[in-house]
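> Numbering follows this note's numbering, with no gaps: position 47 of the sequence shown is 53.
Backbone N, C-alpha and C define an ideal beta-carbon position, used for all residues, glycine too.
A quick note: this is a predicted structure, and the numbers were derived from the prediction, not measured.
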Amino acid sequence: MGNEKIKYKGTEIIENLDQLIQKDYFHFELRGLTKSTRDIVNEVVQGILNRVGANPLTSFHLFSGLMEALLNAVKANTRFVIFQDELLNKLTSQGQTPEEEAEELLDIILETEPLRDAMQRYIVPDKIKKVVQKILTLSDKKRSKKHNLSIDEKEFLTIVREKVKKYDLKISMKIEIRPTSVYIRIRNDSPIMGMDLNRIRKSRERHAELAKQGNSAEFFRPDFLDEKESAGFGIAMIDEGFYNLGLDPLECFDIQTSKKTTTVYLNYPLEALQKMEF
Ligand SMILES: Nc1ncnc2c1ncn2[C@@H]1O[C@H](COP(=O)(O)OP(=O)(O)OP(=O)(O)O)[C@@H](O)[C@H]1O
Ligand SMILES: [Mg+2]
Numbered sequence: 007m008g009n010e011k012i013k014y015k016g017t018e019i020i021e022n023l024d025q026l027i028q029k030d031y032f033h034f035e036l037r038g039l040t041k042s043t044r045d046i047v048n049e050v051v052q053g054i055l056n057r058v059g060a061n062p063l064t065s066f067h068l069f070s071g072l073m074e075a076l077l078n079a080v081k082a083n084t085r086f087v088i089f090q091d092e093l094l095n096k097l098t099s100q101g102q103t104p105e106e107e108a109e110e111l112l113d114i115i116l117e118t119e120p121l122r123d124a125m126q127r128y129i130v131p132d133k134i135k136k137v138v139q140k141i142l143t144l145s146d147k148k149r150s151k152k153h154n155l156s157i158d159e160k161e162f163l164t165i166v167r168e169k170v171k172k173y174d175l176k177i178s179m180k181i182e183i184r185p186t187s188v189y190i191r192i193r194n195d196s197p198i199m200g201m202d203l204n205r206i207r208k209s210r211e212r213h214a215e216l217a218k219q220g221n222s223a224e225f226f227r228p229d230f231l232d233e234k235e236s237a238g239f240g241i242a243m244i245d246e247g248f249y250n251l252g253l254d255p256l257e258c259f260d261i262q263t264s265k266k267t268t269t270v271y272l273n274y275p276l277e278a279l280q281k282m283e284f
């Protein structure tokens, strides 16, 4: 009975919240991170944290960490769509390569790490970042219904939606209430590319050094900033949340990536969540 699978969509989750949060295992499928999705995730997570007797202060660290990780997944998937699309455009633009062949070529490039990394440099990351930001802002605007999008903006979003559909990239989030921890696994359908993973590891280690000296927040000082180009703030904020909970993020938070997916593991021991003093 307790293990019975129930499927809910969007606001159905909120309508059935009381009954839902009695479960120990949750599996979400997300396409984006609009305001309403954030609200739903917030309600469920708050429900779970209340159930396990978490201190509201610790809940804050868990929730903001979770949002950073989800936002990274959303951004990475969107970026990957734009990246593949730009690449496909480049491959077909001279009119020499028929579409089908270009798609095959694209597959080969994505499968071959050095090629993929070279392409990442070739297709200006800054341009992609800007496009991704525009997509996220416009999607939020559209959902909030307070703003009217222009015809151009609507058309832009429609084209993006078609592309996202074509590549069918998903985000899955699993949350488990375990006997001694709340365990979260987030997986998205795009890899961490190039040297980014190494940079992230190095940057996390540097943060850990500072934490050892009792000074983890030092990591966010401006003089550290320029060293962190693409091992940015998001992951450091998740780490900082763990430090604030008196936990070692290098033990509780792991990132793995393969050719096609990135997976983030977050583990919050109940003992730390229930702690009342810091
Ligand atoms: N889930 C993920 N899938 C793929 N790549 C990821 C994922 N999470 C992080 N990355 C990569 O790691 C980099 C560092 O992430 P972080 O959140 O620390 O930086 P950021 O400052 O938030 O930058 P960004 O806006 O690119 O997320 C990202 O720029 C991205 O390239
Ligand atoms: Mg980020």
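Spatial neighbours of ASN273 within its chain, please: C-beta separation below 6 Å, excluding the five flanking residues on both sides.
These residues qualify, in order along the chain: SER187, TYR189 and CYS258.
> Residues near ligand 2, CB to any non-hydrogen atom under 5 Å, in chain order?
Chain-ordered list of matching residues: ASN78 and GLY240.
> Would you kindly work out how many angstroms separate the C-alpha atoms of PHE239 and LEU279, rounded to a whole number?
Cα to Cα, the separation comes out at about 23 Å.
> Does the count of Cβ pairs from the region 53-65 and the region 24-44 closer than 8 Å reach three?
Taking 8 Å as the limit for Cβ pairs, the verdict is that the region 24-44 does touch the region 53-65.
> Would you call the region 243-257 and the region 208-224 in contact, with 3 or more CB pairs under 8 Å?
Yes, since at least three Cβ pairs between the region 243-257 and the region 208-224 fall closer than 8 Å, the two stretches touch.
> Could you check what DSSP says for VAL58 in three-state terms: helix, strand or coil?
Reduced to three states, the DSSP call for VAL58 is coil.
> Exposed or buried, what is ILE181 when buried is set at 16 or more other beta-carbons lying within 10 Å of its beta-carbon?
Buried, since its Cβ has 16 or more Cβ neighbours within 10 Å.
> Excluding the five sequence neighbours on either side, which residues of its own chain have a C-beta within less than 8 Å of the C-beta of LEU23, listed in chain order?
Result list for LEU23: GLU49, VAL50 and GLY53, in chain order.
> In whole angstroms, what is the alpha-carbon distance linking LYS234 and GLU21?
Note that LYS234 has pLDDT 49, beneath the 50 cutoff, so the model's placement of it is unreliable and no number is given.
> Name the residue from SER42, THR164 and LEU63 whose alpha carbon lies nearest to the alpha carbon of MET282.
Nearest option by C-alpha distance: LEU63.
> Does at least one heavy atom of ligand 1 sit under 7 Å from the Cβ of SER196?
Yes; taking the cut-off as 7 Å, the Cβ of SER196 has a heavy atom of ligand 1 nearer than that.
> Return the chain-ordered list of same chain residues with a C-beta closer than 8 Å to the C-beta of LYS81, the five sequence neighbours on each side being excluded.
Closer than 8 Å at the Cβ level, and outside the excluded window around LYS81, lie VAL138 and LEU142.
> Based on Cα-Cα distance, which residue from ASP260, PRO197 and ALA223 lies nearest to THR268?
For the residues ASP260, PRO197 and ALA223, the minimum Cα distance to THR268 belongs to PRO197.
> Is GLU74 near ligand 1, judged by its Cβ being under 7 Å from some heavy atom?
Indeed, a heavy atom of ligand 1 lies less than 7 Å from the Cβ.
> When you measure from the CB of LYS81 to every non-hydrogen atom of ligand 4, does any distance come out below 7 Å?
Absence of ligand 4 from the depicted structure is noted, with ligand 1 and ligand 2 being the only ligands included.
> Mind checking LEU93: buried by the 16 CB within 10 Å criterion, or exposed?
Buried: at least 16 other Cβ atoms inside 10 Å.
> Any heavy atom of ligand 1 within a distance shorter than 7 Å of the CB on VAL188?
Flag unset: Cβ of VAL188 not near ligand 1.
> Compare the beta carbon distance of MET179 and PHE34 with 8 Å and say whether it is the shorter of the two.
Taking 8 Å as the Cβ cut-off, MET179 and PHE34 qualify as a contacting pair.
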